[in-house]
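Chains R and S, in that order, give the protein sequences.
Residue numbers are given in this note's numbering: position 210 of the first sequence equals residue 210, and the series is strictly consecutive.
So the mapping is simple: this note's numbering equals the position in the second sequence, first residue as 1, plus 292.
Glycine included, each C-beta is placed from N, C-alpha and C at the ideal position.
Here the structure is a predicted model, which is why all the values come from computation and not from measurement.
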Amino acid sequence: MMLLIKRALQDLSRNRLLNALTMVTIALAVLIVSAFGLFLINAQDVVHSWEKGVRMMVYLKPETGAADRKNTEQRLLGLYGVSQVRFISKQEALEELKQELKHQASLIAGLKENPLPEAFEIRLVAVTQSDQDMARLAAKIQALPNVDSVEYGQQWLGKALYFLQLFRLAGIALGLLFLLATVFIVANTIRLLLYSRGEEIEIMRLVGATDRFIKTPFFIEAMIQGLVGAAAGLCLLAILFSMAVGNIHQGLSGIFFHLRFFPLITLLEIVACSMLVGWIGCYLSIRQFLKS
Amino acid sequence: MTGKQQDLIIQMFHVHKTYGAKKALVDINLDIYKNDFIFVNGPSGAGKTTLLKLLYLGEPVSEGQVLVDGMNLARISRGRIAHLRRKFGIIFQDYKLIATRTVFENVALVLEALGTERRTITKRVNYALRSVGMEDRRGSFPPSLSGGEQQRVAVARAVVGNPKILLADEPTGNLDAASAEIIFNLLKKFHLRGGTVMVATHDPTLLNMPGQRIVQLKAGVRLQQ
């Protein structure tokens with residue numbers, strides 16, 4: 001095996017230009033597909049973090065008494081899709097507002113009376129976070145007696161999830177397209193190598209070399225092309241990512257927004273996938289060549 | 293099976309080879325015994341090279357049967373062709389050396405294909421190159437060698453794997469007298485060690501060697517001696 005690896009490395013260095021071009025092509029394909037994947041996982045993270053924070057605010061009418069409030073709370077808890085109900089008194093609402101307006105506290109300091117209504121904060125179960133489900137639930141709550149208004153700020157979340165799903169599908173299609181293109185390119189490179197070394201292969205056969213002995217170095221070459229191409233593509237992506245992260249964090253200072261790169265296991269999977277692509281490309285051309 | 297039959301290494305029964313309408317070989321019958329030294333003689337186009345090619349399946353037989361060391365070539369699977377060819381050491385008319393590999397690598401290729409250990413390869417290749425007087429050119433590439441030198445490398449490659457049969461197609465055809473003698477002596481050495489040698493040639497001087505069997509071909513037909 002060491003001998004065959006050595007032969008593959010020798011052949012790679014003999015056909016430097018052709019192999020380098022293939023590796024660059026693989027690197028670009030890996031870069032584009034991985035960049036798309038990276039965007040997806042980060043977009044997914046952001047949407048999921050918003051998803052976790054999905055809540056509904058139910059404001060009560062000013063004249064609601066303690067008994068009615070208790071009754072409303074019970075009815076809210078009985079609704080499908082509601083997981084938690086927390087009562088927020090007028091005083092608590094004001095405290096929370098003060099906390100949120102730390103630097104502009106003077107705005108509310110001069111208030112003679114608390115203008116905020118009593119409210120319930122409702123946490124929802126995950127299955128009712130779609131656009132339509134939330135609208136349906138809001139309508140039901142609005143119809144309850146003593147409820148003044150219902151507010152939920154993430155009506156657009158359903159749309160975001162929908163777009164994310166579209167992006168995911170587009171990513172899969174793009175990935176498959178690049179996969180096919182890369183297989184085709186590797187297959188063509190190996191085919192060119194095979195034709196350029198046709199005489200050598202013929203001589204090997206005449207001196208008793210088996211097909212396996214002839215084929216193995218080509219497979220090793222193709223997998224090395226996949227390995228080096230993927231490594232180069234991912235390194236480039238990592239550099240671009242670190243540059244982009246610096247800029248994004250600077251631009252969005254103060255907002256909790258954590259971008260992440262691929263975990264090690266995903267990186268290894270991408271490299272393995274790229275090597276597999278090399279193997280498939282080689283298999284397709286060599287099978288045809290050795291039959292002829 | 294008689295003792296004589298046991299010594300048979302190549303048998304051809306009513307072998308025909310055609311290329312389209314052209315008959316390259318017609319009804320060839322031939323028995324070759326272990327340690328034979330055979331010349332296949334005839335003018336250009338007589339079918340000498342074709343006859344050799346049929347033995348290592350460089351070409352398939354059109355009709356008839358060929359047996360090589362117990363293997364029926366009509367029934368051999370694709371995967372076994374490499375095993376058949378390992379029985380032969382072949383010296384091609386055009387040498388067939390790989391131009392991008394050194395002399396050492398060209399000769400080592402046979403042993404690499406056999407899966408021989410690296411150290412043994414080095415030892416045996418060096419020995420084979422020494423025996424043909426090419427050890428000091430082991431790092432050279434074939435295009436930098438003369439015709440005679442390339443032919444000697446081809447001989448070294450043919451014998452390095454200790455084959456049972458040595459096939460030589462016009463081994464002295466492109467060489468001067470001195471180089472031709474060196475090559476011929478190398479073939480004789482292989483024969484003296486117990487190997488079977490089959491040489492296709494139209495060189496009449498080679499045919500004067502005593503004790504050789506001669507298979508005479510003319511327009512694809514074997515002439516009776």
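Which of helix, strand or coil DSSP assigns to residue i
| i | result |
| --- | --- |
| residue 258/R | coil |
| residue 437/S | coil |
| residue 149/R | strand |
| residue 310/S | strand |
| residue 215/R | helix |
| residue 118/R | coil |
| residue 356/S | strand |
| residue 321/S | strand |
| residue 361/S | coil |
| residue 432/S | coil |
| residue 101/R | coil |
| residue 56/R | strand |
| residue 207/R | coil |
| residue 378/S | coil |
| residue 83/R | strand |
| residue 7/R | helix |
| residue 197/R | coil |
| residue 280/S | Nothing about residue 280/S can be read from this structure; chain S reaches only from 293 to 517. |
| residue 239/R | helix |
| residue 504/S | coil |
| residue 288/R | helix |
| residue 15/R | coil |
| residue 332/S | strand |
| residue 299/S | coil |
| residue 304/S | strand |
Reference residue i, options the options, closest by Cα
| i | options | result |
| --- | --- | --- |
| residue 325/S | 317/S, 342/S and 303/S | 303/S |
| residue 386/S | 465/S, 490/S, 318/S and 491/S | 465/S |
| residue 341/S | 317/S, 361/S, 321/S and 327/S | 317/S |
| residue 329/S | 509/S, 476/S and 306/S | 476/S |
| residue 214/R | 79/R, 291/R and 57/R | 291/R |
| residue 116/R | 222/R, 31/R, 134/R and 58/R | 58/R |
| residue 32/R | 43/R, 240/R, 285/R and 279/R | 240/R |
| residue 204/R | 364/S, 485/S, 333/S and 390/S | 390/S |
| residue 413/S | 454/S, 424/S and 444/S | 454/S |
| residue 144/R | 100/R, 61/R, 219/R and 109/R | 61/R |
| residue 498/S | 319/S, 333/S and 314/S | 333/S |
| residue 186/R | 159/R, 108/R and 219/R | 219/R |
| residue 424/S | 481/S, 508/S and 433/S | 481/S |
Residue i versus residue j: straight-line alpha-carbon distance, rounded
| i | j | result |
| --- | --- | --- |
| residue 478/S | residue 463/S | 11 Å |
| residue 289/R | residue 194/R | 7 Å |
| residue 392/S | residue 233/R | 32 Å |
| residue 197/R | residue 394/S | 15 Å |
| residue 254/R | residue 54/R | With a pLDDT of 47 at residue 254/R, under the threshold of 50, the modelled position of this residue cannot be trusted; read the value that follows with caution. Whole-angstrom Cα-Cα distance: 21 Å. |
| residue 74/R | residue 138/R | 16 Å |
| residue 483/S | residue 347/S | 19 Å |
| residue 176/R | residue 37/R | 13 Å |
| residue 488/S | residue 16/R | 44 Å |
| residue 6/R | residue 189/R | 20 Å |
| residue 202/R | residue 338/S | 25 Å |
| residue 89/R | residue 125/R | 24 Å |
| residue 353/S | residue 212/R | 26 Å |
| residue 71/R | residue 83/R | 17 Å |
| residue 468/S | residue 438/S | 11 Å |
| residue 415/S | residue 238/R | 49 Å |
| residue 140/R | residue 162/R | 24 Å |
| residue 457/S | residue 269/R | 51 Å |
| residue 293/S | residue 512/S | A caution first: residue 293/S carries a pLDDT of 48, below 50, which makes its placement in the model unreliable, though a value can still be read off. So the two alpha carbons sit approximately 31 Å from each other. |
| residue 510/S | residue 452/S | 33 Å |
| residue 235/R | residue 179/R | 19 Å |
| residue 307/S | residue 351/S | 12 Å |
Assumed close pair residue i, residue j - CB separation to whole angstroms, cut-off 8 Å
| i | j | result |
| --- | --- | --- |
| residue 357/S | residue 396/S | Between residue 396/S and residue 357/S the Cβ distance is about 39 Å, and since that is not below 8 Å, they are no contact. |
| residue 420/S | residue 374/S | Contact doesn't hold; Cβ gap of about 20 Å is too wide. |
| residue 228/R | residue 23/R | 5 Å |
| residue 119/R | residue 93/R | 6 Å |
| residue 226/R | residue 41/R | With 8 Å as the limit, residue 226/R and residue 41/R do not qualify as a contact, their Cβ atoms being about 23 Å apart. |
| residue 471/S | residue 443/S | 7 Å |
| residue 366/S | residue 209/R | About 23 Å separates the two Cβ atoms, so there is no contact after all. |
| residue 495/S | residue 384/S | The pair is not a contact, with the Cβ atoms about 16 Å apart (cut-off 8 Å). |
| residue 504/S | residue 331/S | 6 Å |
| residue 231/R | residue 271/R | 7 Å |
Original post:
For the stretch 183-201 of chain R, which residues have a beta carbon sitting closer than 7 Å to at least one beta carbon of chain S?
Top reply: 200
Original post:
Given a limit of 7 Å on CB to CB distance, which residues of the stretch 379-404 of chain S reach chain R?
Top reply: 382, 388, 390, 392, 401, 402 and 404
Original post:
Along the stretch 27-58 of chain R, what residues have a CB closer than 9 Å to any CB found in chain S?
Top reply: none
**OP:** Anything in the stretch 363-377 of chain S with a Cβ closer than 7 Å to a Cβ of chain R? List those residues in chain order, please.
**Re:** Answer in chain order: 374 and 377.
**OP:** Report the residues of the stretch 11-27 of chain R with a CB closer than 9 Å to any CB of chain S, ordered along the chain.
**Re:** Within the stretch 11-27 of chain R, the qualifying residues are 14.
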